[in-house]
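A.B. asks: Pasting a structure here, questions to come.
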Amino acid sequence: MPNIKSAIKRVKTSEKRRLRNASLKSALRTALKKAEQAIAGADPEAAREAVKFAQRKLDKAVTKGIIHKNAAARKKSRLAQKLNAKIAKQDEGAQEQAGA
């Protein structure tokens with residue numbers, strides 16, 4: 002335990018920040034997993050909403066200094082690519098059924 006007053010304060014503030022960061026990181030990971038699951042699911046609208054929510058969480062994490070902005074950009078890009086691929090695949094299947 003520190004003896005100096007400013008060091009005692011630093012311990013308290015760093016603990017508060019650690020807890021906040023852990024909470025935000027956990028919520029971010031949960032949002033990303035839900036988005037991945039929604040993309041794997043059948044409903045494209047639900048997937049779109051889940052991806053939008055996850056992207057918002059990523060942006061907030063960058064603002065609060067939880068993750069680096071390039072890491073967030075990479076994750077957002079990959080989510081969007083997966084979502085677009087899923088939607089394109091479903092559209093392709095719908096066109097084949099309509100044409101058959």
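Be aware that the sequence shown starts at 2, since it is given in the numbering used here, and climbs by one per residue. Just so it is clear, CB atoms sit at the ideal spot from N, CA and C, and this is done for glycine as well.
1. Would you decide whether LEU20 is buried or exposed? Buried here means 16 or more other CB atoms lie within 10 Å of its CB.
2. Rounded to a whole number of angstroms, what is the C-alpha to C-alpha distance between PRO45 and ALA32?
3. Thinking C-beta only, is ALA55 closer than 7 Å to ALA81?
4. In chain order, what residues of the same chain have a beta carbon less than 7 Å from the beta carbon of ILE9, not counting five sequence neighbours either side?
5. Counting Cβ pairs, one atom from each stretch, are 3 or more of them under 8 Å apart for the region 12 to 27 and the region 63 to 81?
6. Taking the alpha-carbon positions, what's the ALA28 to LYS77 distance?
7. At what residues does the alpha helix (DSSP H) containing LYS58 begin and finish?
8. Give me the Cα-Cα distance between LYS61 and ALA73, rounded to the nearest whole angstrom.
9. Assign VAL52 to buried or exposed, taking buried as 16 or more other Cβ atoms, counted over all protein chains shown, within 10 Å of its Cβ.
10. In angstroms with no decimal places, state the Cα-to-Cα distance between ALA48 and ARG11.
C.D. replies: Concretely, from the data shown:
1. Against the sequence shown, residue 20 aligns to sequence position 19. Exposed is the call here.
2. Along the sequence shown, read from residue 1 onward, the residue named residue 45 stands at position 44. Along the sequence shown, read from residue 1 onward, the residue named residue 32 stands at position 31. For PRO45 and ALA32, the distance between alpha carbons rounds to 17 Å.
3. Your numbering for residue 81 matches position 80 in the sequence shown. Your numbering for residue 55 matches position 54 in the sequence shown. No, they are not a contact pair.
4. Within the sequence shown, residue 9 is the residue found at index 8, counting from 1. Only PRO3 meet the Cβ criterion.
5. yes
6. One-based indexing of the sequence shown puts residue 28 at position 27. One-based indexing of the sequence shown puts residue 77 at position 76. The straight-line gap from Cα to Cα measures roughly 16 Å.
7. Taking the first residue of the sequence shown as position 1, residue 58 is located at position 57. Run containing LYS58: 45 to 64, per the alpha helix (DSSP H) assignment.
8. Taking the sequence shown and counting its residues from 1, the one referred to as residue 61 is at position 60. Taking the sequence shown and counting its residues from 1, the one referred to as residue 73 is at position 72. C-alpha separation (whole angstroms): 10 Å.
9. Along the sequence shown, one-based indexing puts residue 52 at 51. VAL52 should be labelled buried.
10. By 1-based counting over the sequence shown, the position of residue 48 is 47. By 1-based counting over the sequence shown, the position of residue 11 is 10. Cα to Cα, the separation comes out at about 42 Å.
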